[in-house]
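This report concerns only the one structure given below.
Numbering (the working numbering), first residue to last: 12 to 215.
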């Protein structure tokens, strides 16, 4: 979703060259994106930040509130602290800049589709710096009531591993891992895996 027709059309052409992508629709603002999500089966929304009518930050919020299974990746030229904070707060699974190569954008979308959270290093560094400056970084799992096993799983989520990969690595069943994830979400009062990943990044 981008208000620049050239960028929209270019991304559409690039993505449709890949066998595992199907571009369902394009839109020029968050309002149109929400409308498309309401009538089409969408897996991932690739979203710009600055757009007319409804920007990408608000667009992310309304889409994630209405469709929890739809993943949102921010693709923008803006590395603005407030945009980063709000987009992540609103549930974006990825945040990358338009200076990325087409191959990098494609691999980001594939990773997000598999359940990973992807934040370009510049974005992650900016977010961590913001939290450090505000004094919000804590270092001990115990201060959050997190057990050693829960922390193992939280760390792997923060590192971008899926439930299946965590289960395989820790010799657990996927169901057991899901139970741990659910327990962490309840204990930390978070909404989803993306927020768990961000929680890990900001605190550990």
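Glycine included, every Cβ here is placed at the ideal spot set by N, Cα and C. Owing to the predicted nature of the structure, the values given are computational and were not obtained by experimental measurement.
| Check | Outcome |
| --- | --- |
| Span of the alpha helix (DSSP H) around residue 119 | 113-124 |
| Reference residue 165, options 203, 134, 133 and 131, closest by Cα | 203 |
| As assigned by DSSP and simplified to three states, the class of residue 130 | strand |
| Whole-angstrom C-beta distance between residue 105 and residue 173, which should lie under 8 angstroms | In fact, because the Cβ distance is near 15 angstroms, the residues do not count as touching under 8 angstroms. |
| DSSP-derived helix/strand/coil call for residue 183 | coil |
| Integer Cβ distance of residue 29 from residue 117, believed to fall under 8 angstroms | 6 angstroms |
| Every unbroken alpha helix (DSSP H) inside the stretch 40-91 [4 residues or more] | 41-50 and 67-77 |
| Own chain partners of residue 26 with C-beta closer than 6 angstroms, once the 5 adjacent residues on each side are dropped | 32 and 34 |
| Cβ pair count under 8 angstroms reaching 3, the stretch 85-96 against the stretch 194-213 | no |
| Residue 72 and residue 42 closer than 7 angstroms at C-beta | no |
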